[in-house]
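Peer 1: Chain order of the listed sequences is A and B. Heads up: the first sequence begins at 0 in numbering that gives the first Met the number 0, then just goes up one per residue. Heads up: the second sequence begins at 0 in numbering that gives the first Met the number 0, then just goes up one per residue. Sending over a structure as structure tokens; questions will come in a sec.
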Amino acid sequence: MNRRLMEWLACSASVVVLGACGGGDSSESDSVVLHRGNMAEPFSLDPHKASGTWENDIIGDMFIGLFTEDAEGEPVPGMAESWEVSDDGLIWTFRLREASWSDGEPVTAHDFEYALRRILDPATLANYASLLYPIKNAEAVNKGDLTPEELGVRAVDDLTLEIELEFPAPYLPGLLAHYTTFPVPMHVVEQYGDAWVQPAYIETNGAYKLVRWRANDYVHLTRNESFYANEDVCIDDVFFYPTVDVQAAERRVRNGELDVITDVAGQNLEFLREQVPEYVRVHAYLGTRYLAYNTQIAPLDDERVRQALSMAIDTHFIAEEILRDGSMPACSFVPPGVADYPGGASVPWCDVPIEARRDEARRLLEEAGFGPQNPLELEYTFRATGDNPRIAPVLQRDWAEIADWVDISIAQIETQIHYSNLRAGDYEIGDGAWIGDYNDAYNFLFLGESTSVPMNYSRWSNDEYDALIRQANRELDSSERAELLSEAESILLEEAPYAPVTFYVNKALVNPRVTGWEDNVVHIHRTRYLCFSDVEQSNAAGE
Amino acid sequence: MLGFTLRRILISVPTILVIITLAFFMMRVAPGGPFDLERPMSEEIRQNILAAYGMDQPVWKQYLDYLGGLARFDLGPSLKFRDKSVASLIAEGFPISATVGLLAISLALVVGTILGSAAALRQNGATDYAVMGIATVGIVIPPFVMGPILALVFGLYFGLLPSGGLDPLRGMTPDRLVLPVVTLALPQIAIITRLMRASMIEVIRSNYIRTARAKGLSARAVLSRHAFKSAILPIVSYLGPAAAALLTGSIVIEQVFQLPGIGRQFVQAALQRDYTVVMGVVILYASLIVILNLVADLLYASLNPKVKYD
């Protein structure tokens with residue numbers, strides 16, 4: 000009786016609130032629908048105001064930049080049909096394909112010019128605009144020293160766009176696939192201002208357009224018939240759900256309520272591999288877990304102390320015994336698999352056995368003046384999220400193994416407070432992580448530049464390092480450039496303002512029904528490439 | 000009665016004002032701010048953003064501005080959701096929280112009073128012990144444990160019900176509400192059952208019940224017409240605290256079952272230091288608790304002839 004009563008009550012309530020009780024919307028029933036668990040609630044769907052990977056997953060389904068990602072996450076031409084680069088590598092001229100917004104208006108070079116000026120205009124309050132500083136005058140415009148019209152971006156005609164750079168950036172195609180460079184429909188933004196991104200007004204040029212966005216519930220996108228490759232798209236409707244509670248999300252995937260989730264709790268991985276092995280997808284990710292030392296305070300201003308602490312960390316143990324999710328122990332700051340970067344830079348103690356490293360660490364600390372009479376006392380602070388609380392005690396033990404006069408206390412701290420402290424230089428040793436925005440080594444190494452403070456949490460500054468990075472940014476030849484960057488990385492690793500700990504893996508659960516899902520290093524999986532094995536994909540045979 | 004109601008409403012205004020003030024300054028004292036992101040932004044952009052939200056002003060000025068906004072019924076923009084205002088976020092979330100909360104309290108009232116009466120009428124019998132045993136379990140197991148267990152059992156193992164979220168097209172369908180409502184109601188069922196049992200045992204031993212029996216009324220009539228009406232009084236006065244417990248309970252339930260109500264928004268906003276959303280939800284919660292307590296008091300007066308307000 001309990002259940003029947005409940006259902007009756009629930010039913011009458013939903014009639015009152017939503018006018019719905021049984022009997023769905025029949026027009027939707029024959030469409031192909033994908034349900035994606037999407038980590039967190041998007042803060043904005045305006046490509047100029049977003050800053051999270053979970054926002055990128057939605058925005059990149061709606062908009063297409065000059066470049067876009069293929070199913071493997073590699074940059075491929077999107078709105079750009081062809082392009083030329085000037086001999087000095089500074090001027091890129093793009094020829095756009097003929098395409099239209101979802102309302103039928105043509106997408107022109109003016110939309111791109113307008114979008115780039117808008118995101119760099121300080122009045123837009125775009126918190127991610129600094130990614131575009133390689134564009135000529137971008138930084139000055141963003142700081143309000145120049146007007147947006149002086150930005151080095153020009154629509155030559157309706158289908159020709161010219162971008163002038165501050166320095167040759169061979170990684171530009173990757174950057175131009177990033178949402179900060181997406182075009183926005185000028186005619187809509189001009190008319191509605193910041194409200195242009197509301198479902199009632201928004202027009203898109205990508206595979207999908209926005210139908211509905213209920214905060215903390217879902218974002219619903221539907222097929223954009225005007226999309227230039229619409230015939231190749233299989234999924235008609237896609238729902239993105241914020242799945243903050245990862246464990247609850249896992250249940251929903253196993254129960255068939257969600258088709259995909261793009262994050263899994265590390266400690267559940269082994270269990271999931273047993274229960275639903277065909278769902279689990281793990282792949283190397285473009286990200287590094289590191290520790291930052293505050294180099295502005297004693298004794299961490301002494302590079303011997305930093306080196307000693309770094310070399311004492313048993314990164315193999317952390318990767319293989321604690322994380323157990325496929326994470327690799329890190330000997331460098333730039334993860335493997337970064338485009339055009341053979342790497343080779345590594346911490347000097349990478350291959351030394353852990354016991355010998357501990358002895359060396361003790362020697363270095365003694366040399367720096369520490370010992371039983373003068374113990375080394377520091378605090379390690381870390382975010383209360385993910386695997387960090389499981390790693391901290393291991394680090395503490397590793398450091399205690401150096402000598403009994405090394406006493407590092409550990410303190411868990413809320414994420415927002417942690418970042419506020421890191422930014423303010425109000426910490427001693429802090430945990431940190433960097434996930435690449437685009438696939439290039441500079442996107443990692445800029446964290447060591449003295450000009451990057453406060454993003455450079457360590458506040459480390461080295462003239463030689465800065466000079467090498469500057470030189471690399473002016474280098475046209477990609478292998479020369481890689482060499483300069485690698486040389487710089489060696490300095491960074493030697494002086495140890497950061498201690499790389501592990502390289503991330505991305506972890507997803509994908510229902511085996513879903514086809515077209517390619518594990519990749521940037522962890523970007525556009526819905527337009529996905530389909531279901533039981534859906535007849537007659538019109539996508541050409542793919 | 001009317002005078003009493005008006006007085007109570009007037010008294011609640013300063014109460015809510017104190018709550019607003021406390022919440023406002025507690026949020027600001029908490030370290031970290033809404034713009035301390037995992038993805039750092041450059042200092043200039045940060046300053047621009049702070050200025051745009053008036054957060055470059057001294058805190059007392061921000062407080063006065065906020066009160067000024069409230070006087071105009073403006074809860075301000077969300078600091079994190081750049082495309083949405085606080086009012087629109089609450090408008091989206093509140094119907095869901097309210098539905099789950101109302102259903103849970105209704106369920107708790109119906110089941111709790113029935114079970115409690117049954118236990119009382121068979122005091123120290125098998126039914127009594129069974130009901131009290133279940134009630135104790137209901138109090139002991141907190142919703143954040145019960146929720147995932149129910150979701151696992153009914154969602155995953157038996158596949159009877161969805162394990163979380165709302166139906167994307169139809170919203171709050173009955174099947175999606177069963178588990179959250181039951182989980183939220185269980186501790187209240189347990190408490191109400193115990194209250195009802197104790198109160199019923201007391202009532203059925205009182206003289207007027209003996210009189211009613213003596214004059215030949217059927218057991219059913221004695222119970223429904225005489226005993227029940229007095230026995231329910233402690234439950235009515237418990238409604239105020241129960242409403243508060245349901246509000247706080249919904250914060251957990253909405254996380255566990257991934258329901259997009261204001262409880263979930265509240266937790267997210269507090270963690271992310273979205274000051275304006277936290278304030279908006281605090282004001283709503285405070286007003287609700289004041290109103291629900293008032294309703295419980297009025298109901299009590301109308302049921303209990305001994306109590307007269309004014």
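We put the CB at the ideal spot given by N, CA and C, even for glycine.
If you check the beta carbons only, do A/Pro371 and A/Asp406 fall under 8 Å apart?
Peer 2: no
Peer 1: As a quick exercise: from B/Ala243, B/Arg224, B/Phe23 and B/Asp166, pick the residue whose alpha carbon is nearest that of B/Pro186.
Peer 2: B/Ala243
Peer 1: Distance check for B/Val177 and B/Pro142, CA to CA, integer angstroms please.
Peer 2: 14 Å
Peer 1: Kindly list, in the order they appear in chain B, the residues whose Cβ is closer than 8 Å to that of A/Arg142.
Peer 2: As written in the sequence, residue 142 of chain A is Lys, which differs from the Arg given in the question. Residues of chain B passing the Cβ test: Glu43.
Peer 1: Quick one: residues in its chain with C-beta nearer than 6 Å to the C-beta of A/Val152, no 5 flanking neighbours on either side, listed in chain order?
Peer 2: Glu112, Leu115 and Ile162
Peer 1: Please list the terminal residues of the continuous beta strand (DSSP E) segment that includes B/Thr98.
Peer 2: It is not in any beta strand (DSSP E) - B/Thr98 instead sits in the alpha helix (DSSP H) that spans Val85 to Leu120.
Peer 1: Expressed to the nearest angstrom, what Euclidean distance is found between the alpha-carbon atoms of B/Ser236 and B/Asp166?
Peer 2: 36 Å
Peer 1: Using 8 Å as the limit for Cβ to Cβ distance, is B/Arg81 near chain A?
Peer 2: Interface annotation, B/Arg81: in contact with chain A, CB-CB separation under 8 Å.
Peer 1: Let me see if you follow: with CB-CB separation under 8 Å, is B/Val255 close to chain A or not?
Peer 2: yes
Peer 1: Going straight from the alpha carbon of B/Arg169 to that of B/Arg175, what length do you get?
Peer 2: Taking the straight line joining both Cα atoms gives about 10 Å.
Peer 1: Closer than 8 Å between beta carbons: that is the criterion. Which residues of the stretch 124-149 of chain A meet it against chain B?
Peer 2: Leu124, Ala125, Asn126, Tyr127, Ala128, Ser129, Asn141, Lys142 and Gly143
Peer 1: Could you please give the first and the last residue of the uninterrupted beta strand (DSSP E) stretch that includes A/His282?
Peer 2: A/His282 -> beta strand (DSSP E) spans Val279 to Tyr292.
Peer 1: Apart from the five residues just before and just after B/Ala295, which ones in its own chain have a Cβ nearer than 7 Å to its Cβ?
Peer 2: Val235, Ser236, Leu238 and Gly239
Peer 1: If you run the structure through DSSP and keep just helix, strand and coil, what is A/Gly22?
Peer 2: Low confidence applies to A/Gly22: its pLDDT is 36, below 50, so where it sits in the model is not reliable enough to give any reading.
Peer 1: Tell me, please, which residues DSSP counts as bridged to A/His34.
Peer 2: A/Phe238
Peer 1: Quick one: list the residues of chain B neighbouring A/His219, beta-carbon separation under 8 Å, in chain order.
Peer 2: Pro167
Peer 1: Can you name, in chain order, every residue of its own chain whose Cβ lies under 7 Å from the Cβ of A/Thr384, other than the five neighbours on each side?
Peer 2: If we look at A/Thr384 and ignore the five residues flanking it on each side, its Cβ neighbours are Thr414.
Peer 1: Could you give the residue range of the beta strand (DSSP E) that holds A/Lys208?
Peer 2: Tyr207 to Arg213
Peer 1: Does B/Pro161 have its Cβ less than 8 Å from a Cβ in chain A?
Peer 2: yes
Peer 1: DSSP three-state label for A/Asp244, please.
Peer 2: Reduced to three states, the DSSP call for A/Asp244 is coil.
Peer 1: Going by the DSSP bridge assignment, what does A/Val84 pair with across the sheet?
Peer 2: A/Trp91
Peer 1: Mapping the DSSP letters down to three states, classify B/Gly2 as helix, strand or coil.
Peer 2: helix
Peer 1: So B/Leu149 and A/Arg253 are in contact, right, with Cβ under 8 Å, and what is the actual spacing, rounded?
Peer 2: B/Leu149 to A/Arg253, Cβ: 15 Å. No contact.
Peer 1: Under 7 Å Cβ-Cβ, which residues of chain A neighbour B/Asp35?
Peer 2: Gln415, Tyr418, Ser419 and Arg422
Peer 1: Do A/Leu145 and A/Ala154 have their beta-carbon atoms positioned less than 8 Å apart in this structure?
Peer 2: no
Peer 1: Which of helix, strand or coil does DSSP assign to A/Pro298?
Peer 2: A/Pro298 falls in the coil class under three-state DSSP.
Peer 1: In whole angstroms, what is the alpha-carbon distance linking A/Leu364 and A/Glu400?
Peer 2: 13 Å
Peer 1: According to DSSP, A/His219 sits in a beta bridge with which residue or residues?
Peer 2: Per the DSSP secondary-structure output, A/His219 pairs in a beta bridge with A/Arg211 and A/Phe238.
Peer 1: Would you say A/Lys48 reaches chain B, if we count a Cβ-Cβ gap shorter than 8 Å as a contact?
Peer 2: yes
Peer 1: Just checking, does the stretch 305-315 of chain A make contact with the stretch 347-364 of chain A on the three C-beta pairs under 8 Å criterion?
Peer 2: yes
Peer 1: So, for B/Ile104: in the same chain, excluding its five sequence neighbours on each side, which residues have a beta-carbon less than 8 Å away from its beta-carbon?
Peer 2: Ala184, Gln187, Leu238, Ala241, Ala242 and Leu245
Peer 1: Taking the CB atoms as reference points, tell me whether A/Ser543 and A/Ala344 lie closer together than 8 Å.
Peer 2: With chain A covering only 0 through 542, there is no way to say anything about residue 543 of chain A.
Peer 1: For A/Pro74 versus A/Ile57, is the C-beta spacing smaller than 8 Å?
Peer 2: no
Peer 1: Classify B/Gln267: buried if its beta carbon has 16 or more other beta carbons within 10 angstroms, exposed otherwise.
Peer 2: buried
Peer 1: Mind listing the chain A neighbours of B/Gln264? Cutoff is C-beta to C-beta under 8 Å, in chain order.
Peer 2: Ala214 and Asn215
Peer 1: Do A/Ile353 and A/Asp301 have their beta-carbon atoms positioned less than 8 Å apart in this structure?
Peer 2: Result no, Cβ atoms of A/Asp301 and A/Ile353 do not sit closer than 8 Å.
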